[in-house]
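Engineer:
Chains as they are written, first to last, in my numbering: chain A, 19 to 259; chain B, 13 to 236.
1. Counting pairs of beta carbons, one from the stretch 189-199 of chain B and one from the stretch 160-171 of chain B, are three or more of them closer than 8 Å?
2. Against residue 107/B, what residues of chain A qualify as contacts under a CB-to-CB distance less than 7 Å, listed in chain order?
3. Please look up how many angstroms separate the CB atoms of residue 169/A and residue 197/A, rounded, as I've assumed it's under 8 Å.
4. Give a yes or no on contact between the stretch 53-66 of chain B and the stretch 99-111 of chain B, applying the rule of three or more CB pairs nearer than 8 Å.
5. Name the chain A residues that come within less than 9 Å of residue 126/B, Cβ to Cβ?
6. Using a threshold of 8 Å, state whether the C-beta atoms of residue 240/A and residue 135/A are closer than that.
7. If you count every other CB in all the chains shown that lies within 10 Å of the CB of residue 235/B, and 16 or more means buried, which is it?
8. Closer than 8 Å, Cβ to any Cβ of chain B: which residues of the stretch 35-62 of chain A, in chain order?
9. Nearest by alpha-carbon distance to residue 137/A: which of 242/A, 155/A and 122/A is it?
10. For residue 161/A, does the count of other Cβ atoms within 10 angstroms reach 16, so buried, or fall short, so exposed?
11. Using 8 Å as the threshold, is the C-beta distance between residue 134/B and residue 161/B below it?
12. Just list the beta strand (DSSP E) runs in the stretch 110-149 of chain A, keeping only unbroken ones of 3 residues or longer that don't cross its boundaries, in chain order.
13. Counting only C-beta atoms, is residue 184/B closer than 8 Å to chain A at any point?
14. Mind checking who residue 192/A pairs with in its DSSP beta bridge?
15. Rounded to whole angstroms, how far is the Cβ of residue 191/A from the Cβ of residue 165/A, which I believe are closer than 8 Å?
16. What do you reckon, are the CB atoms on residue 237/A and residue 110/B nearer than 8 Å?
17. Who are the neighbours of residue 216/B on chain A, taking C-beta pairs under 8 Å?
18. Excluding the 5 residues preceding and the 5 following residue 84/A in the sequence, name in chain order all residues of the same chain whose CB lies nearer than 8 Å to its CB.
19. Buried or exposed for residue 80/B, please, with buried defined as at least 16 other CB atoms from any protein chain shown within 10 angstroms of its CB.
20. With H, G and I counted as helix, E and B as strand and the rest as coil, what does DSSP make of residue 190/B?
21. When DSSP builds the beta bridges, which residues end up paired with residue 178/B?
22. Can you list, in chain order, the residues of its chain whose CB lies under 6 Å from that of residue 119/A, leaving out five sequence neighbours each side?
23. Can you pull the chain B neighbours of residue 118/A, defined as C-beta to C-beta under 9 Å?
24. Which residues, in chain order, does the stretch 121-152 of chain B contribute to contact with chain A at a C-beta distance below 7 Å?
25. If you drop the 5 nearest sequence neighbours on each side, which residues of the same chain put their C-beta closer than 6 Å to that of residue 152/B?
26. Buried or exposed, going by whether 16 or more other CB atoms sit within 10 Å of the CB of residue 140/A?
27. So that I know if they touch, is there some Cβ in chain A lying closer than 8 Å to that of residue 213/B?
28. Would you report the Cα separation of residue 181/B and residue 93/B, rounded to the nearest angstrom?
Written out as structure tokens, the structure is:
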């Protein structure tokens, strides 16, 4: 397990190679048809507020992040669920530098992530249950507000992080994602509002954009347990391309 | 462009070429939904016999060098795993979302296998698919030879070629007949059959390998 963690942490920490310039094309279907392969624009390990600030931490939230950042600076990055090849959590999974595929079905919208074969299921037009098992990816329900898909996710365990760098959360984490097509359907915008009174003094919102990439990208096999997606090169370097 | 990207580009070109012609024919909602294997038994041939292992080849159940757990089940065995699978026939592909360790597999309609010298070796290999009437045919090569064909350790190899034929024998019954060709391990091609029941009463639950909170087995039959 230790070896697995080291491998995975190395994957995360090594700098990313710049991806080739890419001009996204328009996705087919109307504004409520989100199906297809989408790829986050650029790779950013951190979530920040819309004005690029750290979130409004409670003392606990601030202390925990600072400790994690310090440990990484000391060359001792701390693991989390993803480094143990477990699901990454929400919203962290939505910042992964690997493609995702959205697949709608009657009454639900599925998101298949290349990274670590994470699967999300959003049950449409349902209320959240009063209680549910605490899980890595939480329990998601969704509905449309105009042409924006609103996804409400709660009932998380505490094994995941909000972002890759060091923002943590408690089991009171509540995430509302507002997902819509922008730029004439060439891109997807996800505005994520994060609430957790144990870690933050107020709700805060982060954003990610995704290019439509069905025309040149498919979801590949990524078995974190063996790291077959990004095998190291001859120098032992591994990158997320 | 490195080798992997070249392979990707070739595969995508094949996808794009095939996509327009077959898009109308592959939208089969009858396959879509939650399914559960009826009897996750040890693999036998469709004639009820043991698979034709070559002399010296055997199941690796007791092999101390057996591969670690938490890795994908691979084709064939994946149908025998006693957790549900969600099938989605959309976007020119069959997406298989397995509850077991939240694994995912795709059968891409009209795609072409990469040339042999560029083939990747994966747990689920490279799966291309097409319709033969109402039967969905998945052709898989590019396996890594690590996966077993059943939970007793029936071997596979990098030369294993699997053809899986999926068809509805009733609206709520899915038959999967897998034909395995592997000259390294078997004296002849052989076939095995899995029956899955549609289970709209089930939803995918979190399943993380080794987690104590995973769904308890066996899954009770549907009510009514």
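Glycine included, C-beta positions come from ideal geometry on N, C-alpha and C. Here the structure is a predicted model, which means the values were calculated and not measured.
Structural biologist: According to the structure data:
1. Touching, yes.
2. Below the 7 Å Cβ cutoff, chain A contributes 121 and 130 as neighbours of residue 107/B, in chain order.
3. By a beta-carbon distance limit of 8 Å, residue 169/A contacts residue 197/A. Their separation comes to about 7 Å.
4. Not touching, per the Cβ criterion.
5. The contacting residues do not exist; residue 126/B stays about 12 Å from chain A at best.
6. Yes, they are a contact pair.
7. An exposed status is given to residue 235/B, since fewer than 16 other beta-carbon atoms sit within 10 Å of its beta-carbon.
8. Answer in chain order: 53 and 54.
9. The candidate whose alpha carbon is nearest that of residue 137/A is 155/A.
10. The residue is exposed, with fewer than 16 neighbouring Cβ atoms inside 10 Å.
11. In this structure, residue 161/B does not lie closer than 8 Å to residue 134/B by Cβ.
12. Counting only runs of 3 or more, we get 118-123, 126-131 and 137-142.
13. So no, residue 184/B is outside the interface.
14. Looking at the DSSP output, residue 192/A shares a beta bridge with 213/A.
15. That pair is no contact at about 27 Å.
16. Cβ atoms of residue 237/A and residue 110/B: not closer than 8 Å.
17. Around residue 216/B, the beta-carbon contacts reaching into chain A at under 8 Å are 137 and 139.
18. Only 184 meet the Cβ criterion.
19. Caution applies to residue 80/B, whose pLDDT of 49 falls short of 50 and renders its modelled position unreliable; the value that the coordinates give is listed next. Counting the other Cβ atoms within 10 Å of the Cβ of residue 80/B gives fewer than 16, which makes it exposed.
20. It is a strand residue.
21. Bridge partners of residue 178/B: 148/B and 188/B.
22. Answer for residue 119/A: 55, 130 and 237, listed in chain order.
23. For residue 118/A, no chain B residue has a C-beta closer than 9 Å to its own C-beta; the minimum C-beta separation is roughly 11 Å.
24. Per Cβ criterion, the list reads 134, 135 and 136.
25. Excluding sequence neighbours, residue 152/B sits near 87, 137, 139 and 174.
26. Sixteen is the threshold: when 16 or more other Cβ atoms of the shown chains lie within 10 Å of the Cβ of residue 140/A, as they do, the residue is buried.
27. False, the Cβ-Cβ gap to chain A never drops below 8 Å.
28. Between the C-alpha atoms of residue 181/B and residue 93/B there is a straight-line separation of about 20 Å.
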